[in-house]
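Undergrad:
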Amino acid sequence: ERKRTKKTTADIMEIMLQWRHEDMENKRKVASATESAQDQEHDLKRRTLDLEERKMKMKENSSKLNCLDKLLKMKVEILSSYRKLKDQKISEELINMIIPASMLEDIEVEVDNTE
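Numbering (our numbering), first residue to last: 46 to 160.
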């Protein structure tokens with residue numbers, strides 16, 4: 046059972062204005078949500094690039110650390126050999142022929158401090 050009511054032209058115009066207003070409001074909400082989604086997508090892409098960059102930096106640093114580890118082990122071996130030669134009362138001149146003085150100097154490396 047439907048109840049029929051008579052609508053005047055003014056009533057119909059009012060309803061159409063209301064629908065148009067609702068339509069515009071819905072379009073505004075969709076546009077806002079779309080813009081927000083695009084912003085989030087852009088932010089996600091930026092974060093992904095940042096993570097990839099950090100990952101590459103970590104690989105690079107890991108490689109550098111492995112090289113430093115090997116270098117330090119060689120340095121320990123050289124210093125140990127130097128100490129053994131000194132303990133055997135070998136002259137400094139002869140030791141310098143076997144182990145150049147530059148190999149006894151401190152190792153200087155540049156370290157990249159990244160988070």
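A virtual CB, placed ideally from N, CA and C, is assigned to each residue, including glycine.
Every value quoted in this text rests on a predicted model; they were computed, and no experiment measured them.
#1: Residue range of the alpha helix (DSSP H) that Arg-49 falls in?
#2: Grouping DSSP H, G and I as helix and E and B as strand, with all else coil, what is Glu-150?
#3: To the nearest angstrom, how far is it from the Cα of Leu-130 to the Cα of Met-103?
TA: Looking at the atomic coordinates:
#1: Here residue 49 refers to the residue found at position 4 of the sequence shown. Taken as a continuous stretch (DSSP letters only), Arg-49 belongs to no alpha helix (DSSP H), as it is neither H nor E.
#2: The sequence position of residue 150 within the sequence shown is 105, counting from 1. Correct three-state label for Glu-150: coil.
#3: Numbered from 1 along the sequence shown, position 85 holds the residue referred to as residue 130. Numbered from 1 along the sequence shown, position 58 holds the residue referred to as residue 103. When rounded, the distance between both Cα atoms is 40 Å.
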